[in-house]
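Numbers given in the working numbering equal positions in the sequence shown, counted from 1, plus 54.
Glycine residues also receive a C-beta, built at the ideal position from the N, C-alpha and C atoms.
These notes concern the structure reproduced below.
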Amino acid sequence: MKSHVPIDSVISGGDLRELIIDSTVARAKQEHELLSEELREIYEQACTIRRGQDAKRLNREIRQLGDSVKHFLKHWTAHTQWEDDELFPSAASVLGAEPDLFSLMEHEYELAEQYIQAFTQLLEKAAAPIDQEEARKMTTYLIQAYAVLSNRFREEEEIMLELTDRSNAYGF
């Protein structure tokens with residue numbers, strides 16, 4: 055029979071809190087790196103499509119871009135859910151309640167999601183072959199989403215740095 059020792063008897067409250075914050079920040083940074091890379095690839099694909107001249111190639115590339123966007127959305131949705139459940143509550147406990155900060159973040163995520171949804175809806179409704187002008191219009195939405203999310207990720211990195219700094223300063 056295995057016996058289990060409660061974690062709070064091994065690690066003090068402050069140490070446990072610091073461990074939780076450190077692991078939360080580490081996960082957020084890792085996920086941001088992966089999401090940022092996927093987002094950069096989407097941006098590069100969108101730019102390539104905007105420069106494209108060959109209709110057949112353009113149509114193949116925009117469908118591939120649609121697949122990349124679906125893949126990104128899957129990861130991003132899981133990440134934002136985790137942020138809401140774990141990262142933001144941890145940040146609020148250390149940084150204090152700053153509802154304007156988190157509501158702004160939520161608004162920016164919603165804006166980026168609207169841009170991405172506009173692209174996916176246009177792509178789903180588009181009749182093949184898609185012409186260059188229509189492809190430019192579609193990819194404009196992704197370029198806007200890229201700008202919003204890139205900025206959002208940078209700001210979240212700053213929050214995570216402050217979270218780590220304050221956690222260490224308070225001895226958590």
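Roughly how many angstroms lie between the CA atoms of residue i and residue j, to the nearest whole one?
i, j, result
"glutamine 93", "arginine 71", "The sequence given here has leucine at residue 93, not glutamine. Distance between the alpha carbons of leucine 93 and arginine 71: 32 Å."
"leucine 141", "threonine 134", "9 Å"
"glutamate 240", "alanine 82", "Shown here, the chain extends from 55 to 226; a query on residue 240 therefore has no answer."
"leucine 89", "methionine 159", "16 Å"
"serine 122", "tyrosine 195", "14 Å"
"alanine 166", "leucine 217", "25 Å"
"lysine 179", "alanine 80", "40 Å"
"aspartate 219", "glutamate 115", "44 Å"
"aspartate 108", "glycine 120", "18 Å"
"leucine 112", "arginine 105", "9 Å"
On the criterion of 16 or more Cβ atoms from any shown chain inside 10 Å, does residue i qualify as buried, or is it exposed?
i, result
"glutamate 87", "exposed"
"glutamine 99", "buried"
"glutamate 210", "buried"
"threonine 78", "buried"
"glutamate 85", "buried"
"alanine 181", "exposed"
"leucine 73", "exposed"
"alanine 189", "buried"
"alanine 132", "exposed"
Cα-Cα, which of the options is closest to residue i?
i, options, result
"leucine 149", "Leu215, Arg81 and Ala80", "Leu215"
"glutamate 164", "Ser122, Gly106, Val202 and Lys191", "Val202"
"histidine 161", "Glu212, Ala199 and Arg111", "Ala199"
"glutamate 95", "Asp139, Glu211 and Lys124", "Lys124"
"isoleucine 213", "Ala172, Leu177, Phe156 and Asp185", "Phe156"
"lysine 191", "Ala181, Ala182, Leu176 and Ser204", "Leu176"
"proline 183", "Pro143, Ser147 and Arg117", "Arg117"
"phenylalanine 207", "Glu115, Gln168, Trp130 and Ile103", "Trp130"
"threonine 174", "Asp185, Gln107, Gln186 and Thr193", "Thr193"
"aspartate 76", "Asn205, Ser144 and Gln186", "Ser144"
Within the continuous alpha helix (DSSP H) that includes residue i, where are the two ends?
i, result
"leucine 141", "It is not in any alpha helix (DSSP H) - leucine 141 carries neither H nor E in the DSSP assignment."
Is residue i close to the ligand ATP? I mean its beta-carbon at under 7 Å from any heavy atom of the ligand.
i, result
"glutamate 162", "You won't find the ligand ATP in this model; it holds no ligand whatsoever."
Got a sec: is the Cβ-Cβ distance from residue i to anything in chain D below 8 Å?
i, result
"leucine 203", "The structure shown contains no chain D; it is built from a single protein chain."
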